[in-house]
Structures are given as C-alpha cells and as structure tokens.
Amino acid sequence: MKYSIIIPTYNQCLELRACLNSFIHQNVGDNISFEVIVIDDGSTDDTSLMLEKINVPYELKSKRNLRSKNSSRSQTRNIGVDLSDGDVLIFIDGDHVVQPNFIQSHHRYHQVEQNIVLCGLRCFVDPSVLEFKNFDVESLNDKIIDWDARIEIIKKYSGAFGKMATAWHLCFSCNLSVRREHFVKLGGFDPNFTGWGLEDCELGYRFKKYGLKIAADLTPESMIYHIGVPKRVYTDEIFNGWMTNYNYFKGKYSDDLSVALQKLIGDRLNPQKQTNVDYLVCYTNFECASKLVENSPLPGTPIKEHSC
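If you read the sequence shown in the numbering used here, its first letter stands for residue 2, the second for the next number, and so on.
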C-alpha cells in the first residue's frame with residue numbers, strides 16, 4: 002500500500018526542512034511505500050531553494066503555486082492530491098515533524114478498514130526541534146510545550162467516538178488520512194472556503210454523509226509535533242475569516258441544523274469573548290445540541306431521555 006503525504010506550505014522554509022528530514026526516519030515495511038508532496042503556496046522566503054537542494058531517500062514531489070487573492074488552503078491541498086498517486090492520503094502541514102512510526106500508525110487502520118477516516122492528534126513543541134538530526138519519540142516528547150485542544154473532547158467521548166454526532170467537526174487537516182478513492186469521489190476540499198478554518202470540518206461532514214467511519218487515534222505514534230506555540234488568543238482577522246467560512250458552510254447545508262450549531266464554538270474564537278470561554282464546555286454544548294437534533298422525534302412522538 003502506498004501513502005501520499007500532502008503538505009501545503011507558505012514561508013516556512015526552516016520548519017518545512019525539519020518536516021522533510023523527519024520523514025527520513027520512517028519505519029515502513031516491505032508492504033508500505035510512501036511519497037511526500039509539497040505545495041508551496043507562493044512563498045517569498047528560501048523555500049524554493051531549499052526544495053531544490055534537499056536530499057532525501059524517499060520520493061519527494063513539489064510544486065510552486067502562484068499566490069493570489071483567490072488562494073486558499075483547500076485549493077493548495079487539492080493541487081497536492083492531483084500530483085500524488087498513493088492509495089491513502091495523509092494531510093499534515095509544513096510546520097510539523099513526525100516520529101518514526103507515524104505512517105505505520107495510519108497504516109494500522111487502513112490495512113484492515115476500507116471505509117475509514119483517521120483523525121490523528123498533535124502536540125506543540127519548542128522551535129529548538131528545528132536543529133534535530135534524529136526525530137525519536139523521546140527527544141520530541143522532551144520538547145512538548147502544549148497539547149491539542151481536541152484531546153480532552155476525544156477522551157470524554159472515547160468510548161463512543163464513532164457515535165458522536167459531531168465527530169466530523171474534529172477532522173482537522175493537520176493530521177488526517179483517508180483513501181484516495183473516497184477523497185476524489187467527494188470532490189476534495191471545497192475551494193470556496195477562503196477564510197480561516199472549517200474547510201476541513203466541511204470535508205469531514207461530507208465524509209460522514211457519505212457513510213465513512215470517523216475514528217480518532219490517541220496513541221503517541223500517530224501524534225504529529227507542531228513547531229511553535231498554539232493559537233490561544235485569536236485576532237479579529239482570524240475570527241472574521243472563520244465567520245465568513247461558517248456562513249458559507251451554513252448556507253451550503255441550510256437544511257441541517259447541526260451545521261449551524263457550530264456557532265456554539267465560535268465564541269471561543271471571538272476576541273471579545275474568548276478569554277471567558279472554555280473550549281471543552283463549548284464543544285460539549287455543540288455535541289449535546291447536535292445529538293438532540295439528530296435524535297429529534299417526528300411531531301407527536303413521545304420524547305425519550307438520552308444523554309450526550
């Protein structure tokens with residue numbers, strides 16, 4: 002089975018170099034091969050020069066995409082998929098590094114399940130990992146400075162993650178894998194998402210509607226290491242971009258209230274409210290409300306008690 006690692010990047014030369022070097026150390030058996038696809042979305046730093054000079058023992062493809070006002074994360078990732086030929090697509094970002102069993106951790110699922118989408122998680126590491134020569138788990142773990150906000154959500158619902166009404170919303174493209182055939186059949190990422198966020202959640206929504214099983218892996222092997230600190234304080238620009246995407250998403254599926262209910266998470270991104278908002282509380286409200294919508298009875302049907 003062949004895996005295609007799809008990596009969009011923009012002005013992340015040093016981070017991308019570390020990312021590509023971390024794939025040198027992948028432990029893959031005879032039944033696994035992989036390629037890495039880098040799409041440079043018009044970087045103005047030394048990314049192009051670095052890609053010309055870097056020497057790696059695996060198949061590396063790259064393309065420079067001319068940046069314009071219409072550029073989007075969705076478009077960039079779709080271009081990467083077009084260049085790839087793997088059976089399974091793994092999406093990460095250019096400021097991530099991986100440990101040696103990363104591809105194997107995704108393979109564990111895809112070798113036994115045709116119709117699965119795997120959500121891996123991430124942690125955040127000190128930028129000193131840019132100087133690493135080896136990317137073993139112990140060394141990377143020593144540099145962890147923060148954790149993925151989704152971890153507490155997934156732990157809370159881990160016993161029934163696949164039954165969550167909102168599992169699709171957790172399909173972040175920073176560590177996500179799916180078989181190529183499903184991605185292509187569903188049309189890939191929607192390039193009409195031009196702001197920040199939700200383009201990957203919308204793809205997750207289509208995965209669910211298509212009937213794919215959404216799974217999450219909390220094991221260390223599937224974790225990616227994001228270089229730098231996470232966003233904890235969001236700007237007006239990010240929030241406005243999220244709202245633009247939210248309104249487009251809501252309009253695209255105007256008949257599904259669960260899509261509109263994502264607004265319950267929006268307060269966490271609002272600079273005027275976010276300091277007083279807990280992500281786990283917001284998400285629990287989103288899941289509970291979506292569960293109510295999902296289980297809403299027909300008019301006149303007695304309402305049964307249920308929990309989220």
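All C-beta atoms in this analysis are idealised placements derived from N, C-alpha and C, irrespective of residue type, glycine included.
Does any residue of chain B have a CB that is nearer than 8 angstroms to the CB of residue i?
{"i": "L177", "result": "Here chain B cannot be found, since the structure has a single protein chain."}
Any idea if residue i is buried or exposed, counting beta-carbon neighbours within 10 angstroms, 16 or more meaning buried?
{"i": "E53", "result": "exposed"}
{"i": "G301", "result": "Model confidence at G301 stands at a pLDDT of 43, short of 50, so the residue's coordinates are unreliable and nothing is read from them."}
{"i": "S255", "result": "exposed"}
{"i": "I6", "result": "buried"}
{"i": "K305", "result": "Here K305 scores only 48 on pLDDT, less than 50, and its place in the model should not be relied on; the value that follows carries that caveat. With fewer than 16 Cβ atoms within 10 Å of its Cβ, K305 is classed as exposed."}
{"i": "H307", "result": "Only weak support is given to the placement of H307: the predicted model assigns it a pLDDT of 47, under 50, and the value that follows is read from those uncertain coordinates. Classification of H307: exposed, given that the 10 Å Cβ count is below 16."}
{"i": "L21", "result": "buried"}
{"i": "A217", "result": "buried"}
{"i": "G198", "result": "buried"}
{"i": "Y211", "result": "exposed"}
{"i": "N296", "result": "exposed"}
{"i": "L17", "result": "buried"}
{"i": "T48", "result": "buried"}
{"i": "Q115", "result": "exposed"}
{"i": "I145", "result": "exposed"}
{"i": "D88", "result": "exposed"}
{"i": "G188", "result": "exposed"}
{"i": "E200", "result": "buried"}
{"i": "L119", "result": "buried"}
{"i": "Y11", "result": "buried"}
{"i": "L262", "result": "buried"}
{"i": "S69", "result": "exposed"}
{"i": "T167", "result": "buried"}
{"i": "G196", "result": "buried"}
{"i": "A161", "result": "exposed"}
{"i": "V179", "result": "buried"}
{"i": "L67", "result": "exposed"}
{"i": "L213", "result": "buried"}
{"i": "V185", "result": "exposed"}
{"i": "L50", "result": "exposed"}
{"i": "D31", "result": "exposed"}
{"i": "P303", "result": "The predicted model places P303 with a pLDDT of 46, which falls under 50 and marks its position as unreliable, so this point remains unresolved."}
{"i": "Y260", "result": "One point to set straight first is that residue 260 is Val, not Tyr, in the sequence displayed. V260 should be labelled buried."}
{"i": "L113", "result": "Correcting the residue type first, residue 113 is Val in the shown sequence and not Leu. Exposed."}
{"i": "Q13", "result": "buried"}
{"i": "V282", "result": "exposed"}
Give the C-beta separation of residue i and residue j to the nearest angstrom, bearing in mind that I take them to be a contact with Cβ-Cβ under 8 angstroms.
{"i": "R78", "j": "P128", "result": "R78 to P128, Cβ: 25 angstroms. No contact."}
{"i": "L122", "j": "N176", "result": "6 angstroms"}
{"i": "E222", "j": "N102", "result": "4 angstroms"}
{"i": "G43", "j": "S75", "result": "Between S75 and G43 the Cβ distance is about 15 angstroms, and since that is not below 8 angstroms, they are no contact."}
{"i": "K64", "j": "I40", "result": "6 angstroms"}
{"i": "L61", "j": "V37", "result": "5 angstroms"}
I need the boundaries of the beta strand (DSSP E) containing residue i, first residue and last residue.
{"i": "T10", "result": "3 to 10"}
{"i": "R180", "result": "177 to 180"}
{"i": "I146", "result": "145 to 148"}
What span of residues does the alpha helix (DSSP H) with residue i cover, start to end?
{"i": "R68", "result": "Segment: none, R68 is in no alpha helix (DSSP H) and carries neither H nor E."}
{"i": "D83", "result": "74 to 84"}
{"i": "F103", "result": "103 to 111"}
{"i": "F162", "result": "First-last for F162: undefined, no H or E at that position."}
{"i": "A290", "result": "280 to 295"}
{"i": "R151", "result": "151 to 157"}
{"i": "F141", "result": "At residue 141 the sequence reads Leu, which differs from the Phe that was named. Taken as a continuous stretch (DSSP letters only), the alpha helix (DSSP H) holding L141 covers 138 to 142."}
{"i": "T48", "result": "48 to 54"}
{"i": "K134", "result": "K134 -> no alpha helix (DSSP H), and no H or E assigned at all."}
Report the partner residues of residue i according to the DSSP bridge assignment.
{"i": "I117", "result": "K214"}
{"i": "E60", "result": "E36"}
{"i": "D41", "result": "T10, R65"}
{"i": "Y254", "result": "Paired residue(s): none; Y254 is not in a bridge."}
{"i": "Y226", "result": "V98, C124"}
{"i": "I91", "result": "I6, S178"}
Got a sec: does the ligand SAH put a non-hydrogen atom nearer than 7 angstroms to the Cβ of residue i?
{"i": "L90", "result": "The ligand SAH is not part of the structure shown, which contains no ligands of any sort."}
inquiry  = Between the segment 104 to 113 and the segment 194 to 208, can you find at least three pairs of beta-carbon atoms closer than 8 angstroms?
reply    = They do not touch, by the three-pair rule.
ask   = Is the number of C-beta pairs between the segment 167 to 174 and the segment 129 to 138 that are closer than 8 angstroms three or more?
value = Result no; under three Cβ-Cβ pairs closer than 8 angstroms.
message = Pairs of beta-carbons, one from the segment 262 to 276 and one from the segment 239 to 246, closer than 8 angstroms: are there three or more?
response = The segment 239 to 246 and the segment 262 to 276 touch, with three or more beta-carbon pairs separated by less than 8 angstroms.
ask   = Do three or more CB pairs link the segment 277 to 288 to the segment 145 to 157 at distances below 8 angstroms?
value = The segment 277 to 288 is in contact with the segment 145 to 157.
query = Taking three-plus beta-carbon pairs below 8 angstroms as touching, is the segment 177 to 197 in contact with the segment 72 to 86?
reply = yes
inquiry  = Measuring CB atoms only, is the segment 218 to 228 touching the segment 95 to 104, in the sense that at least three cross pairs come out at less than 8 angstroms?
reply    = yes
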